[in-house]
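Chemist: Quick note on numbering: the sequence shown equals residues 2 to 863 in the numbering used here.
C-beta: ideal position from N, C-alpha, C; glycine also.
Note that the coordinates shown come from a computational prediction; the quantities given were computed from them, not determined experimentally.
Let me give you the structure first, and then I'll get to my questions.
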Amino acid sequence: MTPAAAVPAGHGPGRAPAAAPAELLRRLRTRHAVDPVTHVERVPARAGTPASWPEWVPEELRAALGRRGVVAPWRHQAEAAELAYAGRHVVVATGTASGKSLAYQLPALATLLADPRATVLYLAPTKALAADQLRAVAGLELDGVRPACHDGDTPRAERDWIRQHSRFVLTNPDMLHHGILPGHAHWSGFLRRLAYVIVDECHTYRGVFGSHVAHVLRRLRRQCAKYGRTPGGPTFVLASATSGDPATAAGRLTGLPVTAVTEDASPRGGVTFALWEPPLLPAEPTTSAGPSSVPPPSSAPSAVSSSTSAPASSSTSAPASSSTSVPASSSVSVPASPSALPPGGADLTQVRRSALRETADLLADTVAAGVRTLAFVRSRKGAEVVATAARRALDEAVPGLGGRVAAYRAGYLREERRELERALLHGDLLGLASTNALELGVDLVGLDAVLICGWPGTRASLWQQAGRAGRSGDEALAVLVARDDPLDTYLVHHPEALFGRPVEATVLDPANPYVLAPQLACAAAEAPLTPPDLELFGEGAKEAVDELVAAGALRQRPTGWYWRHRERPEVDLRGEGGAPVCVVEASTGRLLGTVDGGSAHFLIHPGAVYLHQGVSYVVDQLDLADGCALVHAEEPDWSTHARDVTSLSVVSVRSYVDAGPVGLFLGEVDVTSQVVSYQRRRIASGEVIDTRPLDLPARELRTVAVWFTLSPQSLALAGVEPADVPGALHAAEHAAIGLLPLMATCDRWDIGGLSTALHPDTEAPTVFVYDGHPGGAGFAERAYRTAAEWLRATRDAIAECGCEAGCPSCVQSPKCGNGNNPLSKPDAVRVLDVVLANLPSDRPPQQPGPADAPDARLEGGR
Ligand SMILES: [Zn+2]
Ligand SMILES: [Zn+2]
């Protein structure tokens, strides 16, 4: 645990000069016998390509921007601005800090200055971002623009003024949904003159939430068409993080044809980016003492092996919350020394040295070398483990040096956090372990090194974190340390997936009937629906309206469909179906947050450890009838992991590919799952303490799944023995779930799976992967459309893993409902080889409807 890098001689309280990144990396990678670096990417400094001001930008605006230091736009900004000004809907999808805001500010503000009546609506996913943007626009001090935030915190008196006088209104989708659209009559003047709708950070509108927002935007377009002066309605300008196929995602979000601008022409500092895979620990000789890390087989029927359905993120927060609900550290172990590893049974698989331990060592090394370093860790507990271990290692080397490393917690007050940031910027502090880039102040940039412990989920997050490194003119170091996880493993061995063109796309599914029906009810409550409206809301709208009529929510009249009730429909954009369950601190009665009904069984069952804003609670009681869980603050040194039993039946087939012995399908399924028990595992070691039974009712989920089938003959030909088929399919299913986030911005907690050697509805060996959200969220559909690419990556991730019989880096899953049993790694590769050999490599056709399903038995699987 002594830092490998030498402590600089005469190391004083000041900051030692940082070594050049390449030299620093050379020293770091000598730490292990096997070189842990799988790839080094030199991200060169980029000079930036400026463009001239579009001629329509008035002098007043140029001068105002000039006072802010903007002398000319970068080329991508000018290009997007020109398109928008010409009335084309446009999405600008470029890197963090590439200045996307200028791309929409130029056309929007130029129009406001040229036309004293025009208005602009700006949407941000969070109030904080809207407030930042307000400061930026207000700071330009342009006459007559009168920008203003209109959100839940805006006092009522101010709202009237904003409606009547502001020409640049900043709000969020929730406020648009709950406030502005239902009150459209009051906003008619604003909507009549609406020239631009700006959708900032539009990649955050994904999954079920994104599908809701898509319809809120359609409702907005409907009201604009009703009041508006221009037949085409306002021009949409969207800003997105880099992602695969941003034009398609933006088109789905708005329902409009959108042009994408993706060539980033802004300048950036050079970064040496290393991909780091902690070494496999030597396989432990079997010492039967100590608890087994292999959990007992579950009570599920052995022919059907399942992963749990998805505990989705809690309804109150953004995607990142899924890592708080289930500690990201759950799949890694932090042995104090190799001998402290859970010994397990004779068949126990190898594990890699934990990413947390590895990051702690790297942090100690860089700090010892006098390099100001920020380490990103996914969980708060993990951040503390990293900081503590690094401090200890440094103190062993040079007593007192450990004091220059700290952990940065969400629980800290804002001032305390800013103080830590200041200390790091000035070099009083040399190392900081933090959970999330977004919590950090915007000024904390220009560090010498950034360590990223585990794939942060998306490229956008990766670059947000790496972007904290590097000052102008100075080279910086970034290191991505892989966790024991199939996706992390794949990425450190496939740098082209990180540094090449992004393949992960923002997906949403506006046709989800669980989203469409309530949104149509909202629309009808705002104004009766007419046949042209149904076209606006797209596929499935007519069916949804008919069902609303049958359910008594709408009344059909010759002029359209009318909302029948006095009250408006209650629709939560972030809701998941099923009433949210409140999490209440028993001793104080304080409401900590809500968890959507679909996730409650997984996240807040009795005994569950529940994390809320970095603070740990233990659930005393879950009252499903009252929709309430009682908890108390407690920080045990274990995490909890719910286990479930799942069955699945096929309802209908939407689309399929007949590939001889292999079939690929997309369709609706009913998933029945019951959380039956939970494991307690030590946070530090991952060791299973015990498994405790739970008494919770079974739940039904109708959702969308992708599945593939193989003929038993093709499996036999490939050398998969009948007895090994369940383990082969199960292993393939786990890895496929782990790799799907490569294709779509989801995480494995959004998806569930099930594999079986014989499924009654397909009558064949089958692997199902399904959306863990009622009605689907677009993930399974994206998997179907990119099946060849997705399963190729899955196959490679398994085949290239250095372990012998399967490990968490390839085929084991931290959320397996069956305790990762059975699993056969080599046979999983054979299974996927059969699939890939038969599957056409081009993308499947769009829509052979259900009527063309290859086999009638797939219908009505119930
Ligand atoms: Zn492995
Ligand atoms: Zn499983």
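Under the rule that 16 or more other beta-carbon atoms within 10 Å means buried, what is W162, buried or exposed?
Modeler: With fewer than 16 Cβ atoms within 10 Å of its Cβ, W162 is classed as exposed.
Chemist: Any idea what DSSP makes of T704, helix, strand or coil?
Modeler: Three-state DSSP puts T704 in a strand.
Chemist: Out of curiosity, what's the CA-to-CA distance linking V41 and D597?
Modeler: If I take the Cα positions, the gap works out to 42 Å.
Chemist: Please report the residue range of the alpha helix (DSSP H) in which T795 lies.
Modeler: Element bounds for T795: 788-801.
Chemist: Quick one: grab the DSSP three-state call for P268.
Modeler: In the structure shown, P268 sits in coil (DSSP, three-state: anything other than H, G, I, E or B).
Chemist: With DSSP collapsed to three states, give me the class of A21.
Modeler: DSSP places A21 in coil when its eight states are reduced to three.
Chemist: Quick check for students: name the residue ranges of the alpha helix (DSSP H) that lie wholly in the region 505-561, counting only runs of 4 or more.
Modeler: With a minimum length of 4 residues, the continuous alpha helix (DSSP H) runs that stay inside the region 505-561 are 514-527, 532-538, 542-551.
Chemist: Just the C-alpha distance for L146 and T231, rounded to the nearest angstrom, thanks.
Modeler: It should be noted that the sequence gives Val, not Leu, for residue 146. The straight-line gap from Cα to Cα measures roughly 21 Å.
Chemist: In or out: S310 buried (at least 16 other Cβ within 10 Å) or exposed?
Modeler: Residue placement at S310 is poorly supported in this model, since its pLDDT is 34, which falls under 50; the coordinates still yield a value, given next. S310 is buried by the Cβ-count criterion.
Chemist: Should the region 200-220 be regarded as contacting the region 251-260, the criterion being three or more beta carbon pairs within less than 8 Å?
Modeler: Touching, yes.
Chemist: Would you say the beta carbon of S267 comes nearer than 7 Å to a heavy atom of ligand 1?
Modeler: No, Cβ of S267 sits at least 7 Å from all heavy atoms of ligand 1.
Chemist: Taking 7 Å as the cut-off, does the CB of S810 come closer than this to any heavy atom belonging to ligand 1?
Modeler: Yes, the beta carbon of S810 sits closer than 7 Å to at least one heavy atom of ligand 1.
Chemist: Within a Cβ cutoff of 7 Å, which residues of the same chain sit near G100, ignoring the five residues on either side of it in sequence?
Modeler: Taken in chain order, the residues that qualify are W75, Q78, S267.
Chemist: Please report how far the alpha carbon of E420 lies from the alpha carbon of L549, in whole angstroms.
Modeler: For E420 and L549, the distance between alpha carbons rounds to 55 Å.
Chemist: Nearest-angstrom Cα distance between A240 and A717?
Modeler: A240 and A717: Cα-Cα distance of roughly 51 Å.
Chemist: So what does DSSP say about C235, is it helix, strand or coil?
Modeler: Per the sequence shown, residue 235 should be read as Pro rather than Cys. In the structure shown, P235 sits in coil (DSSP, three-state: anything other than H, G, I, E or B).
Chemist: For L631, which residues does DSSP report across the bridge?
Modeler: Answer is V585, Q622.
Chemist: Write down the C-beta distance between A65 and L143 rounded to the nearest angstrom, noting that I regard them as a contact closer than 8 Å.
Modeler: Yes, A65 and L143 are in contact; Cβ-Cβ is about 6 Å, under 8 Å.
Chemist: Any heavy atom of ligand 1 closer than 7 Å to the beta-carbon of G807?
Modeler: Checking every heavy atom of ligand 1 against the Cβ of G807, one is found closer than 7 Å.
Chemist: Tell me the residue span of the alpha helix (DSSP H) that contains R219.
Modeler: Unbroken alpha helix (DSSP H) run through R219: 208-228.
Chemist: I'd like to know if the region 503-514 and the region 203-217 are in contact, where contact means that at least 3 CB-CB pairs between them fall below 8 Å.
Modeler: Touching, per the Cβ criterion.
Chemist: Taking C-alpha atoms, which residue in V610, D645, S650 lies nearest to E636?
Modeler: Ranking V610, D645, S650 by Cα distance to E636 puts V610 first.
Chemist: DSSP state of R30, grouped into three classes?
Modeler: Here R30 sits in helix by DSSP.
Chemist: Cβ-heavy atom distance between C804 and ligand 1 below 7 Å?
Modeler: Under cutoff, so the answer is yes.
Chemist: Between S814 and ligand 2, is the CB less than 7 Å from at least one heavy atom?
Modeler: Flag set: Cβ of S814 near ligand 2.
Chemist: Using a threshold of 7 Å, is the CB atom of H735 nearer than that to any non-hydrogen atom of ligand 3?
Modeler: This structure simply doesn't include ligand 3; it includes ligand 1 and ligand 2 instead.
Chemist: Please go through the same chain and pick out, in chain order, the residues whose beta-carbon is closer than 7 Å to the beta-carbon of L177, but skip the five residues on each side of it.
Modeler: Around L177: L124, V217, L221.
Chemist: Work out the CA separation of A111 and W188 for me, nearest whole Å.
Modeler: Cα to Cα, W188 sits roughly 23 Å from A111.
Chemist: For a test of your reading of the model: does the CB of H760 fall under 7 Å from any non-hydrogen atom of ligand 2? Yes or no.
Modeler: No, the beta carbon of H760 sits no closer than 7 Å to any heavy atom of ligand 2.
Chemist: Between G67 and A98, what straight-line distance do the alpha-carbon atoms span, to the nearest angstrom?
Modeler: Rounded to the nearest angstrom, the two C-alpha atoms are 18 Å apart.
Chemist: Between the C-alpha atoms of R28 and D834, what's the straight-line distance to the nearest angstrom?
Modeler: Near 40 Å, if we compare the C-alpha coordinates of D834 and R28.
Chemist: Taking a contact to mean a Cβ-Cβ separation below 8 Å, would you say G773 touches Y679 in this structure?
Modeler: No, they are not a contact pair.
Chemist: Can you tell me whether DSSP reads P117 as helix, strand or coil?
Modeler: It is coil, neither helix nor strand.
Chemist: Alpha carbon to alpha carbon, how far is Y491 from L741? Give it in angstroms, no decimals.
Modeler: Going from the Cα of L741 to the Cα of Y491 covers about 12 Å.
Chemist: With DSSP run on the structure shown, which of helix, strand or coil describes V663?
Modeler: It is a strand residue.
Chemist: Measure the C-alpha to C-alpha separation of E417 and Y409 and round it to an integer number of angstroms.
Modeler: So the two alpha carbons sit approximately 9 Å from each other.
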